[in-house]
Amino acid sequence: MQSEYQGGTASAQFSTGTHKVLRNTYMLLGLSMLPTVFGASIGLNMNFLFMAQHPVMSVLGMLAVMFVLFAGIKANQNSAIGVLLLLLMTGFLGMLLGPILQAALHLRNGGQIVGLAAGGTGVIFMTLASIATVSKRDFSFLGNFLFVGLILLIVASLANAFFQIPVMALALSGISVLIFSGYILFDVSRIVQGGETNYVMATLALYLDIYNLFVNLLSLLMALLGNRD
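If you're matching positions, the sequence shown starts at 3 in my numbering and goes up one per residue.
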């Protein structure tokens, strides 16, 4: 009887701890959208000609900034500094949405497409997060498949940067939507299963899933529904 009581107590504590991490993650995730929107509004009014003329230097510069921010967030994940760095990173990534948002809004129906991409991203996230939370199923088995798929996706994207094949770009966007949708399921499941106990790192993972899902869904919708007349 005593062992059963202790087991029940441990289970209750685990559930309470998991719920707290999940709640804090969603709160911080919602907060992170504010600097993202602010950064995107700045990016909409920026001139990205330098990035177009010097793509290699631009990519290396962005990777350097992201590496510093990632390292800072990881090192300070248990303090307020980690939260501030996370919000700074989301603002930076929001600014980097500038080129694709500028391209989208030059379409006649660009506003509707951006809204559809944002709404679709929200629906996909809420649906998959609910599945992982309510079912409490362990989706950790997806990890290796998603990682291999992500590596192949990066290699194919780099190759297409040289070949510039529109059909391949469209296919890669579609595959990206599937991969990052899978990562949402995987990352929420990790929190529910107790595999991720730090809400700052959990927010970082989910934010990147949502960000990449939105970008690729927007690219897909622009190619399929964009009205350039």
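Just so you know, even glycine gets a beta-carbon here, dropped at the ideal spot from N, CA and C. Predicted model, so just to flag it, every value in this text is computed and none were measured.
Burial state of residue 132 (16 or more Cβ within 10 Å)
Stepping through the sequence shown from its first residue, residue 132 is reached at position 130. Exposed is the call here.
Kindly list the residues whose CB is nearer than 7 Å to the CB of residue 141, restricted to its own chain and excluding five residues on each side of it in sequence; keep chain order.
For the purposes of this step, residue 141 is taken as the residue at position 139 of the sequence shown. 134, 187, 188, 191.
Please state the DSSP three-state secondary structure of residue 56.
Position 54 of the sequence shown holds residue 56. Residue 56: coil per DSSP, three-state reduction.
Exposed or buried, what is residue 24 when buried is set at 16 or more other beta-carbons lying within 10 Å of its beta-carbon?
Working through the sequence shown from its first residue, we reach residue 24 at position 22. With 16 or more other Cβ atoms within 10 Å, it is buried.
Give, in chain order, every unbroken run of the alpha helix (DSSP H) that is at least 4 residues long and sits entirely within the stretch 159 to 214.
168 to 194
Do the CB positions of residue 42 and residue 96 come within less than 8 Å of each other?
By 1-based counting over the sequence shown, the position of residue 42 is 40. By 1-based counting over the sequence shown, the position of residue 96 is 94. In contact: residue 42 and residue 96 (Cβ atoms closer than 8 Å).
For residue 128, report the span of its alpha helix (DSSP H) as first-last.
Numbered from its first residue, the sequence shown carries residue 128 at position 126. Unbroken alpha helix (DSSP H) run through residue 128: 112 to 137.
Would you call residue 220 buried or exposed, if buried means 16 or more other Cβ atoms sit within 10 Å of its Cβ?
As a working mapping, residue 220 is identified with position 218 in the sequence shown. Buried, because 16 or more other Cβ atoms sit within 10 Å of the Cβ of residue 220.
Contacts around residue 207, its chain only, beta-carbon distance under 6 Å, and the 5 residues preceding and following it disregarded:
Along the sequence shown, one-based indexing puts residue 207 at 205. Same-chain partners within the cutoff: 189.
Taking the straight line between their C-alpha atoms, what separation do you get for residue 63 and residue 70?
Counted from its first residue, the sequence shown places residue 63 at position 61. Counted from its first residue, the sequence shown places residue 70 at position 68. When rounded, the distance between both Cα atoms is 11 Å.
Just how far apart, CA to CA, sit residue 14 and residue 30?
On the sequence shown, position 12 is the one that residue 14 refers to. On the sequence shown, position 28 is the one that residue 30 refers to. Any reading at residue 14 must be qualified, since the residue scores a pLDDT of 45, below 50, and its modelled position is unreliable; the value itself is stated next. Their backbone Cα atoms lie some 24 Å apart in a straight line.
Using a 10 Å radius around the Cβ and a threshold of 16 neighbouring Cβ atoms, would you call residue 81 buried or exposed?
Counting from one through the sequence shown, the residue named residue 81 turns up at place 79. Residue 81 comes out exposed.
With DSSP run on the structure shown, which of helix, strand or coil describes residue 100?
Residue mapping note: residue 100 aligns to position 98 of the sequence shown, counting from 1. Helix.
Just verifying my parser: in three-state terms, what is the DSSP assignment at residue 48?
One-based indexing of the sequence shown puts residue 48 at position 46. In the structure shown, residue 48 sits in coil (DSSP, three-state: anything other than H, G, I, E or B).
So, at 7 Å on beta carbons, what are the nonlocal neighbours of residue 120 in its own chain, with the 5 sequence-adjacent residues on each side left out?
As a working mapping, residue 120 is identified with position 118 in the sequence shown. Within the same chain, residue 120 has close Cβ partners 216.
Under three-state DSSP, which class holds residue 221?
Taking the first residue of the sequence shown as position 1, residue 221 is located at position 219. Here residue 221 sits in helix by DSSP.
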